[in-house]
Amino acid sequence: MTEKDHSISQRIDSPIKPFVREHFSKQLLYVAFSLVCIFIALRLPFLDYKIQVALILVPIAALIGFYIIKNPFLGVCLFYLYDYSRPEVFFHAMRPLRIALLIEILTLVSWILHLIKTRKLIQWPTFNWMFLAYLGVIGSTVITAMNNRMAYNVFQSTAIYFLMYLIAINVVDSLKRLNKLIWILFLIHVLFAFK
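Going by my numbering, the sequence shown opens with residue 1, and the numbers climb by one from there.
Set out below in structure tokens:
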């Protein structure tokens with residue numbers, strides 16, 4: 001086959017292959033998703049109540065996790081929303097799920113992927129050194145504390161706040177994002193003020 005014949009066959013095949021590949025994969029995905037939904041719908045009435053709730057909420061949680069992975073700013077907003085609104089106080093069944101830890105891990109992974117993709121350097125203001133020194137003091141008291149478990153819990157929560165603060169100052173890069181974050185915090189505090 002000559003070079004001219006090869007280029008002609010590429011031009012003939014090229015519009016067909018992506019069309020078939022794109023539409024066939026979408027249709028196959030729709031069929032597979034429909035079959036899974038039908039199977040779950042048929043099995044759902046016969047399952048335990050807790051498993052029913054889990055099956056209903058898992059796709060929602062997976063969708064939120066996917067959006068956090070795509071956008072670390074959403075993870076920062078959800079962290080502050082979840083941390084300040086404390087929904088596990090009102091819904092005690094949420095406590096063993098450790099949703100805050102899942103949000104923190106997804107946000108950290110999302111931020112690392114964002115740094116790799118954009119090749120941005122980490123913003124490290126002078127205040128971070130003071131925060132790290134404070135964290136070091138808290139960490140050193142874990143060894144000398146009478147109740148090591150409580151001191152470790154304080155160290156762990158402060159380290160998480162430092163990590164989320166570091167992610168926030170690197171992700172909140174516009175006035176619009178800063179306004180959104182401030183409004184989230186403001187509305188949560190207004191909600192608790194009226195309770």
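We treat Cβ as the ideally placed atom computed from N, Cα and C, and that holds for glycine.
Between the CA atoms of residue j and residue i - distance to the nearest angstrom
| i | j | result |
| --- | --- | --- |
| Arg149 | Ala159 | 15 angstroms |
| Ile116 | Ile122 | 11 angstroms |
| Leu28 | Leu178 | 42 angstroms |
| Gly75 | Met146 | 36 angstroms |
| Val137 | Ser85 | 29 angstroms |
| Phe194 | Trp124 | 37 angstroms |
| Ala54 | Phe33 | 18 angstroms |
| Thr126 | Ser157 | 22 angstroms |
| Lys70 | Leu44 | 31 angstroms |
| Lys50 | Val31 | 28 angstroms |
| Lys26 | Leu101 | 34 angstroms |
| Ile182 | Gln52 | 36 angstroms |
| Thr144 | Asn128 | 25 angstroms |
| Met130 | Gly139 | 14 angstroms |
| Leu63 | Ile99 | 14 angstroms |
Proximal residues to residue i (C-beta, below 7 angstroms), its chain only, five neighbours per side dropped
| i | result |
| --- | --- |
| Pro72 | Thr107, Ser110, Trp111, His114, Ile167, Val171 |
| Glu210 | In the structure displayed, the chain extends from 1 to 195; residue 210 sits before or after that span and is not available. |
Candidates the options, of which the one nearest residue i by Cα
| i | options | result |
| --- | --- | --- |
| Val142 | Gly136, Tyr152, Ala133, Leu135 | Tyr152 |
| Ile103 | Arg119, Val53, Asp83 | Asp83 |
| Val154 | Ile182, Asp48, Tyr134 | Tyr134 |
| Cys77 | Phe192, Leu185, Val190, Ile40 | Leu185 |
| Ile56 | Gly65, Ile40, Ile64 | Ile40 |
| Phe66 | Lys176, Ile105, Lys120, Lys180 | Ile105 |
| Lys120 | Asp48, Asp173, Ile60 | Asp173 |
Local Cβ density within 10 Å of residue i, reported as buried at 16 or more and exposed below that
| i | result |
| --- | --- |
| Leu42 | exposed |
| Ile68 | buried |
| Cys37 | exposed |
Beta-carbon contacts of residue i that lie in its chain and below 6 angstroms, excluding the five residues immediately before and after
| i | result |
| --- | --- |
| Met164 | Phe79 |
| Ile188 | Tyr84, Ser85 |
Neighbourhood of residue i by C-beta distance below 8 angstroms, restricted to the same chain and skipping five residues each side
| i | result |
| --- | --- |
| Val58 | none |
| Ile169 | Gln123, Pro125 |
* Asked: Can you list, in chain order, the stretches of the beta strand (DSSP E) that have 3 or more residues and sit fully within the segment 89–164?
  -> none
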